Structure formats: C-alpha cells, structure tokens
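Residues in the sequence shown are numbered from 913 upward in steps of one, following the working numbering.
Where a beta carbon is used, it is the ideal one built from N, C-alpha and C, also for glycine.
Note that the coordinates shown come from a computational prediction; the quantities given were computed from them, not determined experimentally.
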Amino acid sequence: MNAPATPWSAGPLRDCGPAVLACVRGSRSGDRPLPAESWADEVPSLLRGGLARIAANRMREAGLDQVPVHVTLARAGFQAAARSVAVEALAAPALRSLIEAGIEFVVIKGPAIARFYQDPAERPYGDLDVFVATRDFD
C-alpha cells in the first residue's frame, strides 16, 4: 500500500531529508531541533537548493552555530547574499534608464520576494526579472 500523498511526497522535494524540509517549513514551536548530523548529510542539497542561509539560521536558532557544517552553510549563504547585492548594483543603471525614460516597470521574483523575508538574504537570486508594458516597446 502506498503512503498517503503529502505536499512533500511529489515534485522537487520528494527526495529531501529532514534538514531541507526544516528550511522549507521554517521553525515551528514544538519542532525538535535536528541534530548536527542531519544538517551535515544534506549540505549538497541545501547548497543546490539555495537554502544555505536559511539552514545556517535554523542551525543557529537550534544552538548549533559552533558546528563545522554551520560555518560552511553560513559562508555559502553570505556568498549568495553578496551575489544578490552585486546583481542589484549591476542592474541599477538599466533600471535608472527606464525611470529616466518614463517607462513603468515592475521587478518580480527574487528581489521582490526577498523583501518579505525577515532576513532577505534567505532568498538569494542571481538575476532580476523586470516586466515592462508592451506599449513601451519600440
């Protein structure tokens, strides 16, 4: 007999372990902190999924910030945050040009979503997605 379907039983999270799921679910009261080994076992998945900063924060909340894997994840999270800042800096002149030309636009996804996080660095991004109205195309 098959196990009942859950939000995590299909799609990209189906093979994830408890550390990745802890990042996706967030900290909830009553959750037992995961042991350091659970985090260490999933470092590749956490890095691949852009979850390094979230994982480092969850480990810190659980008092695991002196564990070597925390240092690895915190560094990777810092590097991802630095890339996000660089993306914004590189995009600024283009966005400024749109403003000066009177062209309305909306930045979506990465930076727009990151603003809603308590720690915006938990939502790294490597590009800016900008919507411009078709009327503003030549």
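{"Asked": "Quick check: the segment 998 to 1011 against the segment 958 to 976, are there 3 or more CB pairs under 8 Å?", "Found": "no"}
{"Asked": "Run through the DSSP bridge pairs and tell me what I1020 is partnered with.", "Found": "D1041"}
{"Asked": "How many whole angstroms separate the CB atoms of L1040 and G1022, which I take to be in contact at a CB cut-off of 8 Å?", "Found": "7 Å"}
{"Asked": "The alpha helix (DSSP H) with A988 in it runs from where to where?", "Found": "P980 to E1012"}
{"Asked": "Which whole-angstrom value is the C-beta distance of A931 and E954, which I expect to be below 8 Å?", "Found": "4 Å"}
{"Asked": "Taking the C-alpha atoms as reference points, what is the distance between R970 and L946?", "Found": "9 Å"}
{"Asked": "I need the DSSP call for I1025, collapsed to helix, strand or coil.", "Found": "helix"}
{"Asked": "Determine the extent of the alpha helix (DSSP H) in which L907 is found, giving its start and end residues.", "Found": "The requested residue 907 is not part of the displayed model; the chain covers only 913 to 1050."}
{"Asked": "So, are the CB atoms of S1009 and Y1037 less than 7 Å apart?", "Found": "no"}
{"Asked": "Give the DSSP-derived three-state secondary structure of R1071 in the structure shown.", "Found": "An answer regarding residue 1071 cannot be provided, because it is not within the stretch 913 to 1050 covered by the chain."}
{"Asked": "For the alpha helix (DSSP H) holding A964, just list the boundary residues, first then last.", "Found": "A964 to E973"}
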